[in-house]
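Remarks on the structure that follows.
2 protein chains.
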Amino acid sequence: MRLVVARCQVDYAGRLTAHLPMATRVLMIKADGSVLVHSDGGSYKPLNWMSPPCTVREGQSDDGRVEWTVTAKAAKGQTPDTLRILIDEMFHDSSHNLGIDPGLQKDGVEKHLQELLAEHPATLAAGLTLVRREFPTAIGPVDLMCRDGAGLSVAVEIKRRGEIDGVEQLTRYLDLLNRDPLLTGKGAVRGIFAAQEIKPQARVLAEDRGITCAVVDYDALRGLDNVEDRLF
Amino acid sequence: MRLVVARCQVDYAGRLTAHLPMATRVLMIKADGSVLVHSDGGSYKPLNWMSPPCTVREGQSDDGRVEWTVTAKAAKGQTPDTLRILIDEMFHDSSHNLGIDPGLQKDGVEKHLQELLAEHPATLAAGLTLVRREFPTAIGPVDLMCRDGAGLSVAVEIKRRGEIDGVEQLTRYLDLLNRDPLLTGKGAVRGIFAAQEIKPQARVLAEDRGITCAVVDYDALRGLDNVEDRLF
DNA sequence: GTGTAAATTTCGAGT
DNA sequence: ACTCGAAGTTTACAC
Chain D
1 MRLVVARCQV
11 DYAGRLTAHL
21 PMATRVLMIK
31 ADGSVLVHSD
41 GGSYKPLNWM
51 SPPCTVREGQ
61 SDDGRVEWTV
71 TAKAAKGQTP
81 DTLRILIDEM
91 FHDSSHNLGI
101 DPGLQKDGVE
111 KHLQELLAEH
121 PATLAAGLTL
131 VRREFPTAIG
141 PVDLMCRDGA
151 GLSVAVEIKR
161 RGEIDGVEQL
171 TRYLDLLNRD
181 PLLTGKGAVR
191 GIFAAQEIKP
201 QARVLAEDRG
211 ITCAVVDYDA
221 LRGLDNVEDR
231 LF
Chain F
1 MRLVVARCQV
11 DYAGRLTAHL
21 PMATRVLMIK
31 ADGSVLVHSD
41 GGSYKPLNWM
51 SPPCTVREGQ
61 SDDGRVEWTV
71 TAKAAKGQTP
81 DTLRILIDEM
91 FHDSSHNLGI
101 DPGLQKDGVE
111 KHLQELLAEH
121 PATLAAGLTL
131 VRREFPTAIG
141 PVDLMCRDGA
151 GLSVAVEIKR
161 RGEIDGVEQL
171 TRYLDLLNRD
181 PLLTGKGAVR
191 GIFAAQEIKP
201 QARVLAEDRG
211 ITCAVVDYDA
221 LRGLDNVEDR
231 LF
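So the sequences go chain by chain: D and F. Sequential numbering of the first sequence, starting at 1, is according to UniProt numbering. Sequential numbering of the second sequence, starting at 1, is according to UniProt numbering.
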C-alpha cells in the first residue's frame with residue numbers, strides 16, 4: 001500500500017470519460033495495482049479510481065512532470081479502461097506492508113430478517129404458519145411459503161427496504177404459483193410483501209395487485225428471539 | 001485529511017452489526033469527520049466506514065490502548081450509528097491540508113445516450129420519428145415517445161445495460177399508455193427496449209411481451225453526431 | 001463463469 | 001426535504 005498526497009490532474013477513459021482538474025488529493029495505490037483518488041469530503045466513494053486487475057506505469061509528461069498511467073484489461077465488448085494521473089507536486093509519499101486482511105464479519109441483513117420471520121410468521125398475519133423457507137420455483141426461490149388459518153397458501157417476499165422492484169418480483173412468483181393446482185386447491189395463493197420500510201409507490205403497486213404490505217419491526221423480532229448473545 | 005496506518009480492530013453497530021479482527025489497515029479521516037478503513041485489496045469500497053456528518057472522539061480502552069469512537073446522528077427510525085476503532089500499534093500518522101476539490105466532470109452516461117437517440121430515432125427502427133423526450137405519464141416519464149412510419153405510437157425505454165427490471169418498467173408504461181385513446185387511435189402502442197447490452201433473460205422477457213430489443217452502438221451514434229469536440 | 005439480487009449502497013435530479 | 005432512478009456501481013450468492 002502506497003499513500004501519496006499530491007497536487008494532480010486525473011483523466012479517465014473507459015465506460016465513460018471523466019476529468020478532474022488540478023488540485024491537491026490523496027492517492028492510494030493498493031498491492032493489486034488498483035488506485036483510488038480521494039478528496040477531503042464526500043462519502044467512501046473516491047472521486048475517481050481504477051479497479052483491479054490493473055497495472056500502474058510511472059512515466060513523464062511532455063513537460064517533464066511525473067505521470068502515472070493505470071491500465072486495465074478491456075472487458076469483452078467494452079472500451080479498455082485507462083486512468084492518467086499527472087502529478088504537479090508531491091507533498092507526501094509513503095509505502096506500507098499491510099498483509100492480508102482477515103475480512104469483515106457481518107450480521108443483520110436480509111438473510112437474518114428472513115430467519116426471524118421464518119421463526120415467527122404469525123407476526124406478519126394472524127394464524128400464519130411456515131411451510132418452508134426458500135420455496136423453489138422455476139424463476140427463483142420464494143423467501144417464505146406459508147399457510148394461513150383457512151389453509152390457503154401465502155407467498156412472502158422479504159426486503160430490508162420495500163421498493164417497486166420487490167413488488168414486481170413477488171408478482172412474478174404469484175403468477176407462477178397460481179398455475180400450480182397443488183397450491184391453489186383451496187383458493188388462490190396470496191402475497192405478503194414484508195419490509196422494514198415500504199416506499200409509497202411500492203405500497204400503491206402492491207395494494208393494486210392485492211398484495212398485503214407488512215412493515216416489520218426488526219428490533220421487536222429480535223426481542224422475541226432473544227438473540228442478544230449473537231452480538232459481539 | 002489525516003492518514004493513519006495501524007494495527008487495529010473495528011466494530012460497527014448501526015443499520016447492521018459488523019466486526020473486523022485485529023490487523024494492519026489504513027485509516028483515512030476526512031475533514032468532515034468521516035472515517036474510512038481500507039485494506040490492501042478489494043475495490044474502492046472500504047472494509048468499514050462512517051459517513052458524514054459524524055464526529056471522532058479519541059479515548060482510551062480499559063487496558064490503556066488508544067480507541068476512537070466515531071458517532072453519527074441517528075437517522076429517523078434507525079438505530080444510531082457507531083464505529084469503534086481500537087488501535088494496537090500505529091505505524092504512520094500524518095495530516096494534510098487538501099482544500100476544496102473542484103469536482104468531477106463526466107460524460108457518457110444514460111442521459112447522453114438518450115440525447116443521441118432522440119436525435120437519431122431511426123437507428124432504433126426504420127421510419128421512427130421523435131414525438132418527445134421524457135414523455136410524462138402518471139407513473140413517471142417515458143424516455144422517448146416516437147411514431148413509426150405507419151403512424152403508430154412507440155414507447156422507447158433506454159438503459160446502458162438492459163436487465164429484467166428495465167423490461168418491467170417499460171411494460172408498466174405500455175400498460176398505462178394503451179389505456180389512452182389519443183395514443184392508441186391507429187393501433188396499440190409498441191415498445192422498444194434500447195440498451196448498449198441486453199442480458200439474455202431480459203431479452204426473453206421482452207420478446208415474450210412483444211417488446212422489440214435494440215442493441216445500441218454508442219460509438220457509432222457518437223460518430224453520427226460528430227461530438228468528438230465535446231471530449232477533453 | 002454467468003446471472004441475479006442486495007448494499008451500512010452513494011449520487012444526482014426533480015418535485 | 002423527500003423520492004426516485006442510475007451507477008465506471010461493488011459485492012455476495014446461486015445455478
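Note that the Cβ used here is the ideal one computed from N, Cα and C, for glycine as well.
When the alpha-carbon of D/R147 is set against those of D/R190, D/K73, D/N48, the nearest one is in D/R190. Note that the stretch 149-168 of chain D touches the stretch 182-202 of chain D; at least 3 beta-carbon pairs, one per stretch, sit closer than 8 Å. Beyond the five residues adjoining it in sequence on each side, D/F135 comes within less than 7 Å, by CB distance, of P141, V142, M145 in the same chain, given in chain order. For D/D165, the secondary structure class from DSSP, reduced to helix, strand or coil, is helix.
Residue contact check for F/R25 against chain D: a CB pair falls below 8 Å. Taking a beta-carbon distance threshold of 8 Å, F/Y173 does not count as an interface residue toward chain D. For F/T184, the enclosing alpha helix (DSSP H) stretches over residues 181-184.
Fully contained in the stretch 97-146 of chain D are the following alpha helix (DSSP H) runs of length 4 or more, in chain order: 110-119. At a beta-carbon threshold of 9 Å, the residues of chain F lying near D/A31 are D40, G41, ordered along the chain.
Look at the UniProt domain "Endonuclease NucS N-terminal PH-like" (2-102) of chain D and you find these whole runs of beta strand (DSSP E), each 3 residues long or longer: 2-13, 17-29, 35-38, 48-50, 54-60, 66-72, 82-95. Of the other Cβ atoms in all chains shown, fewer than 16 fall within 10 Å of the Cβ of F/M90; this residue is therefore exposed.
By the C-beta density criterion, F/N97 is exposed, having fewer than 16 other C-beta atoms within 10 angstroms.
If the five residues before and after D/L47 are omitted, its C-beta is found closer than 8 Å to the C-beta atoms of V10, L20, R25, V37, H38, S39, all from its own chain and listed in chain order.
Per DSSP, reduced to three states, the secondary structure at D/V216 is coil, with no helix or strand assignment. Under the Cβ distance rule, D/V5 counts among the residues neighbouring chain F, one pair being separated by less than 8 Å. Where F/A202 is concerned, there is no enclosing beta strand (DSSP E), although the alpha helix (DSSP H) around it starts and stops at 200-208.
When the alpha-carbon of D/E58 is set against those of D/G64, D/M50, D/T69, the nearest one is in D/T69. Leaving aside the five residues that flank D/T82 on each side, the residues in its chain whose CB is nearer than 6 Å to its CB run, in chain order, A13, T71. Taking the Cα positions, F/E168 is about 49 Å away from D/S95. Excluding five sequence positions before and after D/G187, the CB atoms of its chain that fall closer than 7 Å to its own CB belong to L152, given in chain order. In the DSSP assignment, D/G191 is bridged to D/A155. Looking only at D/R65, D/S43, D/G103, D/A31, the smallest Cα-Cα distance to D/L86 is reached by D/R65. In this structure D/K30 is buried. Its beta-carbon is surrounded by 16 or more other beta-carbon atoms within 10 angstroms. Distance between D/R7 and D/S61, taken at the CA atoms: about 15 Å. Looking from the CA of D/T137, the closest CA among D/I100, D/L177, D/G166 belongs to D/L177. Against chain D, the CB of F/N48 has a partner CB under 8 Å away; the residue lies at that interface. With its beta carbon less than 8 Å from one in chain F, D/D101 belongs to the interface. Not one beta carbon of chain D lies nearer than 8 Å to the beta carbon of F/D93. Listed along chain D are D165, E168, each with a C-beta nearer than 8 Å to that of F/D165.
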